[in-house]
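The structure appears below as structure tokens.
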Ligand SMILES: [Fe+2]
Ligand SMILES: [Fe+2]
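In the working numbering, the protein residues as written are 23 to 196.
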């Protein structure tokens, strides 16, 4: 199976267990919320969900797939642009998981596992221990995806600067 085929199979699993959340207009509000670089919060959440399914299946973990997927989809459902709000990076880092949980509780039916996935996904920055293996999987998947997104952004920025230096050396120096 190629990488693309594997991703498609994991995405199919996501829609099988939580198509109502993944395809909902409520979750798509995250398209308006920027995440890392040019990646929207919606793209990030979907990537984290696919990565969680991938990790759980490659480690052959017996997980509550529906709860894990719903928690992963909603883990960053905080619905604000912290760069525009009167919020510091630190406040956002510590507080957004609680805000995501409050919004998700308001808009969706969640199991205790899905709620724990959302609330604890910032572990260990948020020092409360995850209670379920599903929460650990999503927390790890979140860090993998965030790292990839930041690296992609930095490498695109470096390429852009190099190109500008090459074609307009004076402008790039400014
Ligand atoms: Fe987060
Ligand atoms: Fe995240």
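Where a beta carbon is used, it is the ideal one built from N, C-alpha and C, also for glycine.
Quantities reported herein were computed from a predicted structural model and do not represent experimental measurements.
- When 61, 46, 49, 30 are compared against residue 178, the one with the closest alpha-carbon: 61
- Message: Per the DSSP calculation, residue 62 is bridged to which residue(s)?
- Response: 56
- Message: Looking only at its chain, what residues have a beta carbon closer than 6 Å to the beta carbon of residue 121, apart from the 5 residues adjacent to it on each side?
- Response: 100
- Message: At the level of alpha carbons, what is the spacing between residue 153 and residue 93?
- Response: 13 Å
- Can the beta-carbon of residue 76 be found less than 9 Å from the beta-carbon of residue 143? no
- Query: Enumerated in chain order, which unbroken segments of the alpha helix (DSSP H) with a length of 4 residues or greater are wholly contained in the segment 111-173?
  - Reply: 111-129, 134-142
- Given residue 133 as reference, the closest of 157, 150, 151 once Cα atoms are compared: 157
- Just how far apart, CA to CA, sit residue 170 and residue 128? 31 Å
- Nearest-angstrom Cα distance between residue 141 and residue 123? 6 Å
- Item | Inter-stretch contact (C-beta, 8 Å, three-pair minimum) for the segment 101-121 and the segment 178-188 | no
- Item | Alpha-carbon to alpha-carbon, residue 103 and residue 80 | 34 Å
- Query: Does the distance from the CB of residue 97 to the CB of residue 55 come in under 9 Å?
  - Reply: no
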